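A short worksheet on the structure shown next.
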Amino acid sequence: LWKYLLVVAVLLVGLVYALPNLYPSDPSIQISAVRGAEPVSQAFVESLEKTLVDKGITPKESELDEVKNQVLMRFDNTEVQLEAQDILKESLGRQYLTALNLAPATPGWLRALNAKPMYLGLDLRGGVHFLMEVDMVTAKDNALKRYEDEFRDFLREANVDYLGVSREGDTLITKFKTEEARAEGRKILANQYRTEILLGDKEVATTANLIANISPDNLQAIEKFALKQNITTLRKRVNELGVAEPIIQQQGLNRIVVQLPGVQDTGKAKKLLGATATLEFRLVDDGGNDPQQAAQSGRAPLGTKLYYERNGSPILLQRKIMLTGEYITDARSGFDSQSNRPNVSINLDGKGAARFSKVTGANIQKPMATVFIETQFEEYEVNGEKKYKPVKTEEVINVATIQDQLSRSFQITGLDSPDEARELALLLRAGALAAPVYIVEERTVGPNLGQENIDSGFMSILIGFSLVLIFMLAYYRVFGLVANLALAMNVVIIFAVMSMLQF
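Terminal number for the sequence shown in UniProt numbering: 503, no gaps in between.
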């Protein structure tokens, strides 16, 4: 008896988790508030519905998610969905992001059991395909900037008498007063970099110069790292943002293929892939310079850089960076226990912790600024064609006095909302792009083509399955009926298992 009960139980579970595949997805629009916008509410949803109804469009259903601060509106077909998006974009402006989506139409009682339809790939569900190229020139440029800063640090720590480090093209030039100082500097840098840097001498009138170039092997390693790091970053970002079954893989020496099933809005996809957010920590300038005067003239004093706080006030920070986001290993959003304001708890790797500990220990009781750096894609039109350009925003979100020596873990505050804290933590966890990426090829696979593939596949299964059933019944009679039932159960269980794999 228990064997029969087990078969029935397995079949019932299989039926429940296979059922969601019978419900097609609804074309939908997801409206999300961006930083600085009013949170969504029921009144906001009603105003959106009224705006659409006035234009002759009635949403199939509207769902409010106050936790994620977003609204999902379902529509009957893709044509209505696209028309509604144009209306909502014009009505909402830049304060809210409208993204096309496909929302499962699974009934509530099935969703309560966590029963979902199986994930479909790009060929069946539709979506976007990008071929992206990594900017290797910028990757090399970033490496040269890093070496330039490190040269200064190593020579200063060793008390070598040098005049300065400058850059000419792909060459770093370190100037020394004497031949003896140059020889000492060469020895220090050669010990630090060994095969990474090629060193040579250059005589110039009154100074003894040391020239440095990145070695070919090291340059190749830098380019490989930039490509691998960007693939890892894109994969983490897409996974954390919930795109189902993306494909992100290397193509050639400097290109990345990205496929995002279910994403219909290429603009949304570009923003998802290209948006970056990171942090820099800098000391506030203590040289007595006037930030207002620098803001009016548009020129910052030597050794400083002009920034603005979120309230619009100018502030001068030291040009030298104390710490960047590349050393961050983990970031979690939360709330400050004293002020109950949103914050982000940050953990650093060993190298970053040692560097931050050293620099904060040497600057206790001095003000330190947290600079929030964000890059987003801005949409514009050229001859009626939509294009996107990166726009970089840098602002000071927090200025605090260093009370003690900081190390591996600390918190930052000054964020506008819990949503901004969550988004910043997500992007910090995913990491920054090692070098910019540019889209060189873009293809959109429409859901209609995917639906045609699904219909063709379903029809082939139906015809093949029917022919097998007829043959089995005609040839084996009763035993054929039993075999047909087993075959049908097998199909149901396969659908159920494929749907359950996404848990």
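Glycine included, C-beta positions come from ideal geometry on N, C-alpha and C.
These numbers were taken from a predicted model, which means no experiment stands behind them.
Provide the residue(s) that pair with Lys305 in DSSP beta bridges, ordered along the chain.
-> Beta bridge pairing from DSSP links Lys305 with Leu317.
Val8 versus Leu485, Met500, Leu501, Ser499, residue with shortest Cα-Cα distance = Considering only Leu485, Met500, Leu501, Ser499, the residue with the shortest C-alpha distance to Val8 is Leu485.
Cα-Cα separation between Val257 and Asp161, rounded to whole angstroms | Whole-angstrom Cα-Cα distance: 49 Å.
If you compare alpha carbons, which of Gly312, Gln292, Pro24 is closest to Pro104?
-> Among Gly312, Gln292, Pro24, the Cα nearest to that of Pro104 is on Pro24.
With respect to the beta strand (DSSP E) encompassing Gln85, which residues constitute its N-terminal and C-terminal limits?
-> Per DSSP, Gln85 belongs to no beta strand (DSSP E); it is in the alpha helix (DSSP H), 78–92.
Since Arg429 contacts Lys236 with CB under 8 Å, what's their CB separation in whole angstroms?
-> Contact holds; Cβ gap of about 7 Å.
Using the DSSP secondary-structure output, state which residues sit across from Val399 in a beta bridge.
-> According to DSSP, Val399 bridges with Ala369.
Selected residue, minimal CA-CA separation from Pro117, among Asp26, Leu64, Leu52, Ser91 = Ranked by how close their Cα comes to the Cα of Pro117, the residues Asp26, Leu64, Leu52, Ser91 have Asp26 in first place.
Exposed or buried, what is Asp285 when buried is set at 16 or more other beta-carbons lying within 10 Å of its beta-carbon?
-> The residue is buried, with at least 16 neighbouring Cβ atoms inside 10 Å.
What are the start and end residues of the alpha helix (DSSP H) that includes Met498?
-> Run containing Met498: 478–500, per the alpha helix (DSSP H) assignment.
Below 8 Å CB to CB, which residues in the same chain sit around Phe151 once its five sequence neighbours on both sides are set aside?
-> Cβ-Cβ distances below 8 Å link Phe151 to Val165, Leu172, Thr174, Leu189, Ala212 in the same chain, with the five nearest sequence neighbours on each side left out; the list follows chain order.
Measure from the alpha carbon of residue 504 to the alpha carbon of each residue in Asn218, Gly121, Ala99, then state which is nearest.
-> The structure shown does not extend to residue 504, since the chain is modelled only from 1 through 503, so no value can be given for it.
Of the choices Leu82, Asn21, Leu92, Thr401, whose alpha-carbon is the least far from that of Val45?
-> Of Leu82, Asn21, Leu92, Thr401, the residue nearest in Cα terms is Leu92.
Residue range of the alpha helix (DSSP H) that Leu52 falls in?
-> Annotation for Leu52: the continuous alpha helix (DSSP H) segment containing it runs 42–54.
What is the DSSP secondary structure of Tyr23, reduced to helix, strand or coil?
-> Here DSSP, grouped into helix, strand and coil, assigns Tyr23 to coil.
Pair every Cβ in the stretch 289–297 with every Cβ in the stretch 465–477, then say whether three or more of these pairs are closer than 8 Å.
-> No: the two stretches stay apart, fewer than three of their Cβ pairs being nearer than 8 Å.
Starting from the Cα of Gly121, find the closest Cα among Gln192, Asp404, Val263 and give me that residue.
-> Answer by Cα proximity: Val263.
Nearest-angstrom Cα separation, counted from Asp416 out to Leu260 | Rounded to whole angstroms, Leu260 to Asp416 spans 30 Å at the Cα level.
How far does the beta strand (DSSP E) with Asn101 in it reach, from first residue to last?
-> Bounds of the beta strand (DSSP E) holding Asn101 are 96–104.
Val83 to Ala226, Cα distance in whole Å?
-> It is Glu, not Val, that sits at residue 83 in the sequence shown. C-alpha separation (whole angstroms): 40 Å.
Looking only at its own chain, which residues have a Cβ that is under 8 Å from the Cβ of Glu442, when we skip the five neighbours before and after it?
-> Counting only residues of its own chain and dropping the five nearest sequence neighbours on each side, Glu442 has a CB closer than 8 Å to the CB of Val128, His129, Phe130, Leu131, Thr266.
Taking Cβ positions, are Leu317 and Tyr307 nearer each other than 8 Å?
-> Yes; because the gap between Cβ atoms is below 8 Å, this pair is in contact.
Just the C-alpha distance for Leu406 and Ser62, rounded to the nearest angstrom, thanks.
-> For Leu406 and Ser62, the distance between alpha carbons rounds to 48 Å.
Locate the beta strand (DSSP E) running through Leu144, then write down its first and last residues.
-> Looking at the DSSP string, Leu144 is not in any beta strand (DSSP E); the run it does join, the alpha helix (DSSP H), is 136–157.
Under three-state DSSP, which class holds Asn383?
-> The DSSP-derived three-state label of Asn383 is coil.
Three-state secondary structure (DSSP) at Gln338?
-> DSSP places Gln338 in coil when its eight states are reduced to three.
3 or more residues per run - each beta strand (DSSP E) lying fully within the stretch 169–242 | Correct list: 171–176, 197–204, 207–214.
Please name the residue in Thr178, Leu199, Asn159 whose C-alpha comes closest to that of Arg186.
-> Checking every option, the nearest Cα to that of Arg186 belongs to Leu199.
State the beta-bridge partners of Thr278 as determined by DSSP.
-> Here Thr278 is bridged, per DSSP, to Ile373.
Where does Asp419 sit, in a helix, a strand or coil, going by DSSP?
-> It is helical.
Just to confirm, are Gly14 and Val492 a CB contact at a threshold of 8 Å?
-> Less than 8 Å divides the Cβ of Gly14 from the Cβ of Val492.
Which of the three DSSP states, helix, strand or coil, is assigned to Lys392?
-> In the structure shown, Lys392 sits in a strand (DSSP, three-state: E or B).
Across which residues does DSSP place Ile346 in a beta bridge pair?
-> For Ile346, the pairing in a beta bridge is given by DSSP as Ala331, Phe410.
Where does Ala18 land, buried or exposed, given buried means 16+ other C-beta within 10 angstroms?
-> Result: buried.
Sequence-distant residues of the same chain with beta carbon closer than 6 Å to Val238, five excluded per side = Within the same chain, and ignoring the five residues on either side of Val238 in sequence, the residues whose Cβ sits closer than 6 Å to its Cβ are Pro246.
Just the C-alpha distance for Tyr119 and Asn453, rounded to the nearest angstrom, thanks.
-> Cα to Cα, Tyr119 sits roughly 15 Å from Asn453.
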